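Take 1 as the starting number for the sequence shown in the UniProt record's numbering and just add one per residue.
Note that the Cβ used here is the ideal one computed from N, Cα and C, for glycine as well.
A quick note: this is a predicted structure, and the numbers were derived from the prediction, not measured.
Working notes, beginning with the structure itself.
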Amino acid sequence: MENKSTNPVLQTKAFDMTRTTDLGGIMTLNGVIGKSFLLILITAVTAYFSWQYIDEKLLLDNEFNFMPYLWGSVIGGFILALVITFKPNIAPFASPVYAVLEGLFLGIISLFFEANYPGIAAQAIMGTMGVFLAMLALYRFKIIKVTDRFKSVVFGATLGIAILYGVSILLSFFGVSIPFIYQSGWIGIGFSIFVVGIAALNLAIDFDFIETQIERGANKNMEWYAAFGLLVTLVWLYLEILRLLSKIRD
């Protein structure tokens, strides 16, 4: 199976576009990890301040319209992600901006989960970081081996989840919902555990893809692009853990 990631951002074409032997150096795994943590920090700090801002506004006026902030961050983040994907050279400047937009989105979402389930945001953050570090350790020590079969299974599961979510969104316009996606109960919790597991396995595939690009001599500048790709997976993982914890609380 051709070396590829299930992450739509981390694809060989983007790295081929910027591969070079200039004095800028080549990509390193440690460099990617460092920049990933920086983007995570930017996301976390922005989430904290957006949470505080929206919370204070709602305390002063419970009819405060926060939707422009929510949809602005969602649409802005989606558009910027597409731009970065097709123009990876701008990743050093654009990926921190993307992290800010994701932080704004996650801060608002986390605030409303927290209102219904006190303490859930901190649990989701710790859970996400724990899974990230665990998958990194499992990959670095070769406990998890990313084989072609492994990639095929995870890719199929990820695609299935994406299609299911897409169908769910379409059905929501007609007032129809798929119970086990959003509701609690053993089936709902089991589904969320499965999705969290697939999101975690995507991290291993991302690590493998990045390491392969390092071996092929990708430009050091692409460490930012790789970190951006990891952030995309981590945001998905955080949201799924948040959803799982809320179902368990119910």
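Beta-bridge pairing of residue i - partner residues as DSSP gives them
i	result
residue 26	219
Counted within 10 angstroms of its Cβ, other Cβ atoms place residue i as buried (16 or more) or exposed
i	result
residue 169	exposed
residue 202	buried
residue 153	exposed
residue 110	buried
residue 54	buried
residue 119	exposed
residue 61	exposed
residue 185	exposed
residue 115	exposed
residue 80	buried
residue 75	exposed
residue 198	buried
Length of the line joining the Cα atoms of residue i and residue j
i	j	result
residue 219	residue 213	9 Å
residue 179	residue 188	7 Å
residue 161	residue 151	15 Å
residue 235	residue 64	26 Å
residue 216	residue 225	16 Å
residue 155	residue 175	30 Å
residue 142	residue 204	10 Å
residue 32	residue 57	37 Å
residue 124	residue 196	12 Å
residue 49	residue 59	15 Å
residue 227	residue 35	6 Å
residue 101	residue 140	30 Å
residue 146	residue 241	23 Å
residue 70	residue 112	12 Å
residue 229	residue 206	8 Å
residue 136	residue 144	10 Å
residue 248	residue 237	16 Å
residue 85	residue 210	15 Å
residue 191	residue 92	36 Å
residue 244	residue 131	14 Å
residue 250	residue 171	24 Å
residue 42	residue 99	6 Å
residue 26	residue 90	17 Å
Among the options, nearest to residue i - alpha-carbon criterion
i	options	result
residue 251	190, 181, 95	The first residue shown for the chain is 1 and the last is 250, placing residue 251 beyond what the model contains.
residue 148	193, 208, 104	208
residue 83	73, 72, 95	95
residue 38	97, 244, 248	97
residue 87	146, 222, 125, 241	222
residue 78	105, 67, 58	105
residue 44	200, 60, 72, 126	126
residue 73	92, 230, 27, 46	46
residue 128	247, 249, 233	233
residue 158	171, 134, 200, 138	200
residue 231	89, 103, 25, 76	103
residue 193	85, 67, 239, 171	239
residue 66	206, 29, 131, 107	107
residue 121	51, 29, 93	51
residue 246	40, 117, 42, 89	117
* Asked: What alpha helix (DSSP H) runs, 4 residues minimum, are completely inside the region 176-246?
  -> 179-182, 186-215
- Query: In chain order, which alpha helix (DSSP H) runs of at least 4 residues are fully inside the region 122-174?
  - Reply: 148-172
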